[in-house]
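Below you'll find the structure, written out as structure tokens, and then a few comments.
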Amino acid sequence: MVLFGQFRVLPYSTGLAILSPGYCKFFGRDVCFIGYQVYNGATMAVGIGISNTVVFRYLLLSRVVGTRGVFLMISVSYIFPLALVILPLTTTWDFETVQVFTKIEHSTYNLSIYEPFPGFVDVSNFQFILATTLLGIGVYGCPLASFVLTQRTLQKIRRLENISQNTRKQFQVLIHGLSLQTLLPIFAYIPVFTCYMISQNLGVEILIFEHLIVGAASSPALFDPFISFYCIVPYRNAIIKIFRTKRNIISVKSTS
132 MVLFGQFRVL PYSTGLAILS PGYCKFFGRD VCFIGYQVYN GATMAVGIGI
182 SNTVVFRYLL LSRVVGTRGV FLMISVSYIF PLALVILPLT TTWDFETVQV
232 FTKIEHSTYN LSIYEPFPGF VDVSNFQFIL ATTLLGIGVY GCPLASFVLT
282 QRTLQKIRRL ENISQNTRKQ FQVLIHGLSL QTLLPIFAYI PVFTCYMISQ
332 NLGVEILIFE HLIVGAASSP ALFDPFISFY CIVPYRNAII KIFRTKRNII
382 SVKSTS
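At the far end of the sequence shown sits residue 387, using the working numbering, and the numbering has no gaps.
Right, dumping it as structure tokens:
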């Protein structure tokens, strides 16, 4: 989706232009507009997925909710990314007006390479405000909740008495990995979303925000698997086993 859209957002006084030099241009600006909503929903789902991992560990250790209840809570949480995709699609699609006003208010920009481009003609309508609110809750709320629950989970692990030292160590490595996963959205989502709010509401042009929105928002999805592979011991052992097996095969072939 990142390569497909390569989205850049450009706010103006009453709306928001979605610029895309990516492959979606070949399918028309309607596809680019829908693709942008799907990208936002997927990005939010990644952030929620990281938080859900923390919540899952915490609830299992707390034994407040059973396994079925945990899975139900996690499943319900993905309603929000779905709403983030659907809500903006129910607004008025008036891309011509978006294009005209974007050119007027950003006359120093060369927008010809993006034409024709879609966007939101009115950022003050109910659907857009609700979608932005959901996005804001996800951007600020998920990392904060994950951080608090991670600290509480570490405290619970330290108080556990009926587990071996090796198991305790594995738990701590896992939780430290979750802490690192929590930091990814903090550095990736919060600066970009904050810059957007400043740019949209105060009319300040922040060029770096316009170009980095895709790269920054996608970075947790890129780095999160590597953190999981290292911090979740069964994953790490499985990967080490694969590489050791390959190395042994190569050594045997070289010897023969």
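All residues carry an ideal CB built from backbone N, CA and C; glycine is no exception.
Beta carbon of residue i: closer than 6 Å to some heavy atom of the ligand FMN?
| i | result |
| --- | --- |
| R375 | You won't find the ligand FMN in this model; it holds no ligand whatsoever. |
How close, in whole Å, do the beta carbons of residue i and residue j come, if the pair is a contact with beta carbons under 8 Å?
| i | j | result |
| --- | --- | --- |
| L109 | R188 | In the structure as shown, the chain starts at 132 and stops at 387, and residue 109 therefore has no counterpart that could be examined. |
| F248 | Q230 | 6 Å |
| P219 | A176 | Between A176 and P219 the Cβ distance is about 16 Å, and since that is not below 8 Å, they are no contact. |
| V345 | T281 | So it is not a contact: roughly 28 Å between Cβ atoms. |
| L190 | V201 | 5 Å |
| S350 | L315 | 7 Å |
| T145 | V254 | 7 Å |
| G178 | Y320 | 6 Å |
| Q168 | V216 | 5 Å |
| N256 | T222 | 6 Å |
| G250 | I329 | 19 Å between Cβ atoms; not a contact. |
| F232 | Y327 | That belief does not hold up - the Cβ atoms of F232 and Y327 are roughly 18 Å apart, past 8 Å. |
Alpha carbon to alpha carbon, how far is residue i from residue j?
| i | j | result |
| --- | --- | --- |
| F374 | K234 | 54 Å |
| H237 | G180 | 37 Å |
| R283 | S277 | 10 Å |
| C163 | L192 | 44 Å |
| I244 | V140 | 14 Å |
| E227 | I337 | 24 Å |
| R199 | I210 | 18 Å |
| F357 | C273 | 20 Å |
| Q303 | A369 | 19 Å |
| L147 | K287 | 46 Å |
| F324 | S295 | 43 Å |
| Q331 | T174 | 20 Å |
| Y154 | E246 | 13 Å |
| T239 | G166 | 27 Å |
| R289 | F318 | 28 Å |
| I268 | G159 | 31 Å |
| H129 | T313 | The structure shown does not extend to residue 129, since the chain is modelled only from 132 through 387, so no value can be given for it. |
| G334 | K156 | 27 Å |
| P322 | L275 | 14 Å |
| V279 | D355 | 19 Å |
| L285 | F340 | 35 Å |
| H342 | S151 | 11 Å |
| A214 | L305 | 31 Å |
| A347 | L266 | 15 Å |
| A262 | M204 | 21 Å |
| I371 | Y170 | 33 Å |
| K300 | T264 | 39 Å |
| D161 | L353 | 27 Å |
| V383 | L242 | Any reading at V383 must be qualified, since the residue scores a pLDDT of 47, below 50, and its modelled position is unreliable; the value itself is stated next. For V383 and L242, the distance between alpha carbons rounds to 59 Å. |
| E297 | V252 | Here residue 297 is Asn; the residue named in the question, Glu, does not match the sequence. Rounded to whole angstroms, N297 to V252 spans 58 Å at the Cα level. |
Along the beta strand (DSSP E) that carries residue i, what are the first and last residues, could you check?
| i | result |
| --- | --- |
| L76 | Summary: the structure shown does not reach residue 76, with the chain confined to residues 132 through 387, and so no result is reported for it. |
Between which two residues does the alpha helix (DSSP H) containing residue i stretch?
| i | result |
| --- | --- |
| R290 | 273-290 |
| S206 | 198-208 |
| T228 | 226-236 |
Give me whichever residues DSSP pairs with residue i in a beta bridge.
| i | result |
| --- | --- |
| F251 | L147 |
_3-residue-minimum beta strand (DSSP E) runs that sit fully inside the region 134-165, ordered along the chain_ = DSSP runs (the beta strand (DSSP E)) wholly in the region 134-165: 139-142, 147-150.
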